[in-house]
Amino acid sequence: MISMKNIRKVYNTGKVSFEALRDINLEVEDNEYIAIVGPSGSGKSTLMNLIGCLDTPSDGEYYLSGRKVDSLTANELAGVRNREVGFVFQAFNLLPYASAYENVELPLLFSGMRSKKRKKRVVDLLNRVGLGEKLQNKPTEMSGGEMQRVAIARALGNDPKLILADEPTGNLDTKSGAEIIKIFDELWETGHTVIVITHDMNIANHCQRTIKLKDGMIYNGNGFPVKKQTASAAGLN
Amino acid sequence: MSPSIIYNIFMRDFRKQRKRMLLTLVAILWGTMSIMMLLGFGEGLKVQFMKGTVGLGQGIVIMWGGQTSIAHEGFGKGRRIHLYESDIEYLKKNLPELKEVAGEYIRWSVEIRQDDNILSERINGVFPAYRDMRNMIPEMGGRFINQLDIDLKRRVAFLGDDVKKRLFGDKEAVGETIYIQKMPFKVIGVMKHKVQMNSYQGQDEDVIVIPATTFVSIFGDPYLDNIVYQPNSMDNTKALEKRVFEVMGARYKFNPDDDRALSFWDVIEMTRMTNNIMIGIEIFLGIIGGLTLLIASVGVANIMYVSIKERTREIGIKMAVGGRRIYIVIQFLLEALGITFLGGFFGIAITYILTEAFKRVPIESEAIELLGKPTISLEIGLVVVLILGIMGLLSGLFPALKAASVNPVEALRYE
Ligand SMILES: Nc1ncnc2c1ncn2[C@@H]1O[C@H](COP(=O)(O)OP(=O)(O)OP(=O)(O)O)[C@@H](O)[C@H]1O
Ligand SMILES: [Mg+2]
Numbered sequence: 239m240i241s242m243k244n245i246r247k248v249y250n251t252g253k254v255s256f257e258a259l260r261d262i263n264l265e266v267e268d269n270e271y272i273a274i275v276g277p278s279g280s281g282k283s284t285l286m287n288l289i290g291c292l293d294t295p296s297d298g299e300y301y302l303s304g305r306k307v308d309s310l311t312a313n314e315l316a317g318v319r320n321r322e323v324g325f326v327f328q329a330f331n332l333l334p335y336a337s338a339y340e341n342v343e344l345p346l347l348f349s350g351m352r353s354k355k356r357k358k359r360v361v362d363l364l365n366r367v368g369l370g371e372k373l374q375n376k377p378t379e380m381s382g383g384e385m386q387r388v389a390i391a392r393a394l395g396n397d398p399k400l401i402l403a404d405e406p407t408g409n410l411d412t413k414s415g416a417e418i419i420k421i422f423d424e425l426w427e428t429g430h431t432v433i434v435i436t437h438d439m440n441i442a443n444h445c446q447r448t449i450k451l452k453d454g455m456i457y458n459g460n461g462f463p464v465k466k467q468t469a470s471a472a473g474l475n
Numbered sequence: 054m055s056p057s058i059i060y061n062i063f064m065r066d067f068r069k070q071r072k073r074m075l076l077t078l079v080a081i082l083w084g085t086m087s088i089m090m091l092l093g094f095g096e097g098l099k100v101q102f103m104k105g106t107v108g109l110g111q112g113i114v115i116m117w118g119g120q121t122s123i124a125h126e127g128f129g130k131g132r133r134i135h136l137y138e139s140d141i142e143y144l145k146k147n148l149p150e151l152k153e154v155a156g157e158y159i160r161w162s163v164e165i166r167q168d169d170n171i172l173s174e175r176i177n178g179v180f181p182a183y184r185d186m187r188n189m190i191p192e193m194g195g196r197f198i199n200q201l202d203i204d205l206k207r208r209v210a211f212l213g214d215d216v217k218k219r220l221f222g223d224k225e226a227v228g229e230t231i232y233i234q235k236m237p238f239k240v241i242g243v244m245k246h247k248v249q250m251n252s253y254q255g256q257d258e259d260v261i262v263i264p265a266t267t268f269v270s271i272f273g274d275p276y277l278d279n280i281v282y283q284p285n286s287m288d289n290t291k292a293l294e295k296r297v298f299e300v301m302g303a304r305y306k307f308n309p310d311d312d313r314a315l316s317f318w319d320v321i322e323m324t325r326m327t328n329n330i331m332i333g334i335e336i337f338l339g340i341i342g343g344l345t346l347l348i349a350s351v352g353v354a355n356i357m358y359v360s361i362k363e364r365t366r367e368i369g370i371k372m373a374v375g376g377r378r379i380y381i382v383i384q385f386l387l388e389a390l391g392i393t394f395l396g397g398f399f400g401i402a403i404t405y406i407l408t409e410a411f412k413r414v415p416i417e418s419e420a421i422e423l424l425g426k427p428t429i430s431l432e433i434g435l436v437v438v439l440i441l442g443i444m445g446l447l448s449g450l451f452p453a454l455k456a457a458s459v460n461p462v463e464a465l466r467y468e
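Chain order of the listed sequences is A and B. With this note's numbering, you'll find the first sequence wraps up at 475, consecutive numbering, no jumps. With this note's numbering, you'll find the second sequence wraps up at 468, consecutive numbering, no jumps.
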């Protein structure tokens, strides 16, 4: 699913440049369920944005579903984000003036889906996250948990294999958070690859694999799937 | 890039962000409207003013006899100078600079009767040349005094439009008979209504005009009340006045430097001054228009600018879910164009409707009559719309372009 080799990300702000990620080697197989943890500023979001093609690495190679994506054009990246990745943000990032329906419709509009099919798809998605009754609600008329569920429905729009969530429960109470995690569980069970950034160790322990970041590096050695880890560990010994 | 995607996104957001778009639209509409109205009424006022000025006559000077104030060739001062009909030919012969010369007899408070309707009105005895010089144009179906009327001393009358109304109401007057001091006169024409801002004997709409020869035979006036002349060239009417003093001084034996012997009303000079005042007013209106445009521009820019943060996030979100840059940029372009077009269209349309409505309001007021013909200019409207549209683009499109040129993470982080 994902293969990153020696990824580096440098931010240049004026004269100062800051190395937010270095020596990132990451492999993710289909249908994994991964948590990324680490202290604030360790580069979790930076890494997630690279994975989701919202940003491009300064160095290194990145293959997504076998395709090299580290040096695609802006348009090609938009296409990848549209079809292959579903991104869920901590701050929801819904269009404030648009209804739940219209927010979910957005990626489908960009993929050029026909209006009939689109309508059905949006309703299905919102039903799936339990918001079939709130199609016409605006973000301001919904709870945080509901907004995040709209965001998940939107992320699932073009049926991407890969679901990325950057602290999806960060702005939610425990109960709504648990509901969101339950949806991710279901997605994983139906074959999606799910990667979640979290500060909540309960959620992290709940995943198959936990990647720990510190100072822009993966420091718990969990950059590879479980069997490969053992293989490489065996190789080292 | 697919047109249907652009269309879908555009229509959706257009419906959704109605408030902001409406505000921008209204700002453009209002700016266009106020500037067009301002300049339109200014232009209309100017045209009416010009018409009003020529209401008295075009390129003419009116001359009256006066009283000498300098002793000359054995005559003491204080002698009255009168103008006679023969002066007309004399002036024409001696001053080739004059294109046309005519004289006029006036009599006030003359009894006029039509059926049971008795009025006391002013009568002018004139020559045919008077018609063009004083802009007394007959309405359709009528005519002015002609040379034959003069030669045959016909009893015919040409009526000012207001006195016609008072005598005949809405009835047809041409061909009817009126009685001037009990003598029957045939009405040959009615003056076409004109805006007349200046007069030396009363408004022309109130006068009854008869042939000069007929006038003399009835009232027996020995001399003219005034002479009206029209020079070939409108330049340097002062120098021409001096020449008139010279030739008339030679004829009536007064000192050509005696400026009391004749008096003049230089309508040409007055028109020129009115012109200058109107140019001043136009400049003034232009400045106000410019300031209004500036305010409208700031309004449009402000509305656009205020929404940059919101819009930058919106762009970030759209890009994050896979919106291509080009869709986003085209959407903004369409939006700016759409708003500008609609705002401009309605602004121009409403201005047009309002001014047309204003022209049709039947108010009998001379002030309204002066203001009453606003002349809107489509060019000015289009220029205003263009400027406001560009302002909207500059203040809205460029931030959007900038937002679309960075990656989605940065756009989403925008504060
Ligand atoms: N656009 C940027 N320009 C400059 N520095 C940046 C930028 N984005 C992130 N950074 C820096 O990179 C480092 C990693 O940031 P990142 O957002 O990935 O941290 P994080 O692990 O997600 O933290 P948190 O848990 O607080 O969300 C931080 O030190 C941050 O200051
Ligand atoms: Mg983060």
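By construction, the Cβ of each residue, glycine as well, lies at the ideal position given by its N, Cα and C atoms. The structure presented is a predicted model; accordingly, all values stated were derived computationally and were not measured.
Suppose the cutoff is 6 Å on Cβ atoms and the five residues either side in sequence are ignored; what does the same chain contact list for residue i look like?
i       : result
A182(B) : E153, A155
V166(B) : The residue you asked about is not Val; residue 166(B) is Arg in the sequence shown. Contacts found: Y232.
Y467(B) : T365
G442(B) : T393
E142(B) : none
F422(A) : V432
DSSP puts residue i in a beta bridge; with which residues?
i       : result
V209(B) : K239(B)
G178(B) : Y158(B), I263(B)
R377(B) : DSSP lists no partner for R377(B).
L136(B) : L277(B)
P334(A) : None, per the DSSP bridge assignment.
H125(B) : F128(B)
K452(A) : M455(A)
Output needed for residue i: all residues of its chain with C-beta closer than 7 Å, excluding positions within five of it in sequence on either side, in chain order.
i       : result
E417(A) : G383
L92(B)  : L338, G342, S430, I433
N341(A) : L332, L333, V388, R392
I243(A) : Checking the sequence, you will find Lys at residue 243(A) rather than Ile. Hits under 7 Å: N263, G298, E299.
Y137(B) : Y276, L277
G322(A) : What sits at residue 322(A) in the sequence shown is Glu, not Gly. Result list for E322(A): L302, S303, P398, K399, L400, in chain order.
Excluding five sequence neighbours on each side, which residues of the same chain lie with their C-beta closer than 8 Å to the C-beta of residue i?
i       : result
K224(B) : none
R296(B) : L148, E150
E174(B) : S162, V163, I165, V216, D259, V260, I261
P463(A) : E265, V266, E267, E270, R447
L474(A) : Legend: pLDDT at L474(A) = 43, less than 50; position of this residue unreliable, value from coordinates given subsequently. So no residue of the chain qualifies.
S381(A) : S414
R359(A) : L346, M351, G395
M236(B) : R208, I271
Quick check: residue i and residue j, are their CB atoms within less than 9 Å of each other?
i       : j       : result
F348(A) : K455(B) : no
T85(B)  : G396(B) : yes
L293(B) : E157(B) : no
M90(B)  : L344(B) : no
T284(A) : K247(A) : yes
V326(A) : Q386(A) : yes
G461(A) : D268(A) : no
N251(B) : G105(B) : yes
A476(A) : G376(B) : Nothing about residue 476(A) can be reported from this structure: the residues present for chain A run from 239 to 475 only.
V434(A) : P398(A) : no
I113(B) : Y253(B) : no
K282(A) : I274(A) : yes
D311(B) : H135(B) : no
R187(B) : D257(B) : yes
S122(B) : A314(B) : yes
N355(B) : S448(B) : yes
N460(B) : A403(A) : no
I381(B) : P452(B) : no
D308(A) : I240(A) : no
I401(B) : L435(B) : yes
- Unbroken beta strand (DSSP E) runs of length 3 or more, entirely within the region 264 to 293 of chain A: which are they? 271 to 275
- Mind listing, in chain order, the continuous beta strand (DSSP E) runs of no fewer than 3 residues lying wholly within the region 66 to 119 of chain B? 114 to 118
- Task: Quick one: which unbroken alpha helix (DSSP H) runs of 4-plus residues sit fully inside the region 337 to 407 of chain A? Chain order, please.
- Result: 338 to 348, 353 to 366, 382 to 393
- Scan the region 355 to 377 of chain A for residues whose Cβ lies nearer than 7 Å to a Cβ of chain B and list them as they occur along the chain. none
- Item | 4 or more residues per run - each alpha helix (DSSP H) lying fully within the region 403 to 457 of chain B | 419 to 424, 431 to 445
- Query: Using a beta-carbon distance cut-off of less than 7 Å, what residues from the region 266 to 296 of chain A approach chain B?
  - Reply: N287, L292, D293
- Message: Beta carbons nearer than 7 Å to chain B: which residues of the region 324 to 342 of chain A have them?
- Response: F325, N331, L333, Y335, A336, E340
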